Ligand code: PEP
Ligand code: MG
């Protein structure tokens, strides 16, 4: 049989080619239960030792990884050590040995699986992605139990036999933990194939930030991957090539070389501005949501932060952060960015983002429900504290805070925020500019009505697309319908931008659309002042902007808006950019 293809979804882009190494995920855990009193005592002792060894190993790894890859990559190991040192967390295991008579490895597996399942049940994709952290911690402890107690079977832990794999290879694994992703990085790993985790799992995020190609395949295809055979990832769209032939290898090498050249080309744009070939400068801003993001944002030379998602500060806490905590957090961001503008979005919870400690009522249609500004206006104390904190941070740092209201549908919502902001300014000082996200078709169609109330708009194209097309952005069955290139969505963006300019407001966009070169082409034509995106997308978007004139982009937009299908409109832009020599 010659080479063949298996369907795949890209989690982290980039071509990889090489032999397969398969790693197991600890399926061979002993499941002994009903142990005698004496055996329970022994297992108790083994578990205590295994935890101690694991914590020490995590701390040592954190030090090694920090030295090799930097502090942010080491944080995952520090946080796993912290979780494992937590007495309450440990008690879950010890009580299963004591009360149920489980052996140590089964107690750890059961306890960690319970935590992982609880995370997976949450609506929020971010938290669901954290489930693998608990499984990762469990695997580590079980592997130590295995080496301490020979009758109990441990799991193969590649980290204990570094370097792993011994020669450059593609790792195939049912799932991959964040810890494994980082540990493998410094070794011989060309890419990853997994069948769980999703595009927002920690491992996928890490693979992207480390630049390691990764794909997702279905579990039933796993048996088609044979150790040692050659595999090509991301060479073809939505498929991996298995048992690849020499000609495929040559194609993969060619594409890899082109990718390397492109990266070098884009890196050279870092210090240049995004100015069209006809001289219009467009602001290149970055999106962020945590302190960790700041390093990437400043390193990318972004001209400002076009969306700071403050809800992540709230989600990481176990109770509402008080005014002091919030003020300090916002001040640090303003101080880091200095004269570069920062747009803080007010707490945007509800929909797919619950606050674990602020129970939300069950809703039939959470995305059409009590979210964003609707929730805040019904919880004025939360809103007031956040506004006070932002103003205080501005006063302390000497920089204005740009405050953006999420999920706006009518002017009354903005008026209420304005009134509160004015009241709070009297006691806190500080300066603030108010703006709104354009995420609902209602807001997009009535921007002129906000004249005099706000200074800027920012299009939230992720939500604007789902509300315009009545297509849930999280529903995997609607993947082909949900597209920002739909002419209905583009028409709304164009109108909102034109009306905002007419009303003297600054115009920006912070949804994922801004980070796509084909999207940026149409957005430039619409006249946006600023595009805000992941720092990793800035180079490619800059390249696009610098290659075009507004006249040709405008003509293309006019043509696109006469088309019926999103796919045609995207293809029109792709073909146009390809003619300019720009391709992914
Ligand atoms: C958006 O809706 O486009 C947006 C940027 O907000 P979020 O993705 O956080 O809903
Ligand atoms: Mg949104």
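In the numbering used here, the protein residues as written are 3 to 586. All C-beta atoms in this analysis are idealised placements derived from N, C-alpha and C, irrespective of residue type, glycine included. Since the structure is predicted, the reported quantities are computational estimates derived from the model, not experimental observations.
Between ligand 1 and the CB of residue 512, the shortest heavy atom gap is smaller than 7 Å.
Within 7 Å of the C-beta of residue 94 there is not a single heavy atom belonging to ligand 2. With a 10 Å radius around the Cβ and a threshold of 16 neighbouring Cβ atoms, residue 532 comes out buried. Residue pairing of residue 339 in beta bridges, as defined by DSSP: absent, with no partner found.
Remark: the shortest separation between the CB of residue 465 and any heavy atom of ligand 2 falls under 7 Å.
With 16 or more neighbouring CB atoms inside 10 Å of its own CB, residue 287 falls in the buried class. If you check the C-beta of residue 373 against ligand 1, you find no heavy atom less than 7 Å away.
By a beta-carbon distance limit of 8 Å, residue 442 does not contact residue 495. Their separation comes to about 13 Å. Shortest gap from the CB of residue 462 to any heavy atom of ligand 2: under 7 Å. Positions of the beta strand (DSSP E) runs, each at least 3 residues long and wholly inside the region 314 to 359, are given as 344 to 347 in order along the chain. The beta carbon of residue 123 lies closer than 6 Å to none in the same chain, with the five residues before and after it left out. Looking at the DSSP output, residue 287 shares a beta bridge with 534. Short note on residue 350: C-beta closer than 7 Å to some heavy atom of ligand 1. Here the alpha carbons of residue 34 and residue 54 stand approximately 22 Å from one another.
Taking a C-beta distance under 8 Å as the contact criterion, residue 488 and residue 466 do not qualify as a contact pair. By the C-beta criterion, the region 335 to 352 is judged to be in contact with the region 374 to 387, since at least 3 inter-stretch pairs fall below 8 Å. If you look at residue 168, you'll find it isn't in any beta strand (DSSP E); DSSP assigns it neither H nor E.
A check of alpha carbon separations from residue 216 across 11, 420, 536 identifies 11 as the nearest.
Restricting attention to alpha helix (DSSP H) runs no shorter than 4 residues, the region 265 to 310 encloses them at 293 to 301, ordered along the chain. The Cβ atoms of residue 219 and residue 244 lie no closer than 8 Å to each other. By the criterion of a C-beta distance shorter than 8 Å, residue 503 is surrounded in its chain by 509, 529, once the five residues flanking it on both sides are discounted. When DSSP states are grouped into helix, strand and coil, residue 406 belongs to the strand group. Annotated three-state conformation of residue 9 is strand, per DSSP. Rounded to whole angstroms, the gap between the alpha carbons of residue 253 and residue 22 is 18 Å. Pairwise C-beta distances place the region 294 to 309 out of contact with the region 357 to 370, as fewer than three of them are shorter than 8 Å.
Taking C-alpha positions only, residue 543 is separated from residue 130 by approximately 30 Å. With a cutoff of 8 Å on beta-carbon distance, residue 278 and residue 448 are scored as not near each other. Taking the Cβ atoms as the reference, residue 147 lies roughly 13 Å from residue 86, outside the contact range of under 8 Å. Residue 453 holds the alpha-carbon nearest to the alpha-carbon of residue 505 among 453, 524, 458, 368. Under DSSP, residue 217 shares a beta bridge with 12, 195.
Bounds of the beta strand (DSSP E) holding residue 238 are 232 to 238. For residue 37, no beta strand (DSSP E) encloses it, and the DSSP letter there is neither H nor E.
In the three-state DSSP reduction, residue 437 falls in the strand class (E or B). For residue 24, no alpha helix (DSSP H) encloses it; the enclosing beta strand (DSSP E) starts and ends at 18 to 25. By the criterion of a C-beta distance shorter than 6 Å, residue 540 is surrounded in its chain by 286, 302, once the five residues flanking it on both sides are discounted.
Taking C-alpha positions only, residue 72 is separated from residue 36 by approximately 46 Å.
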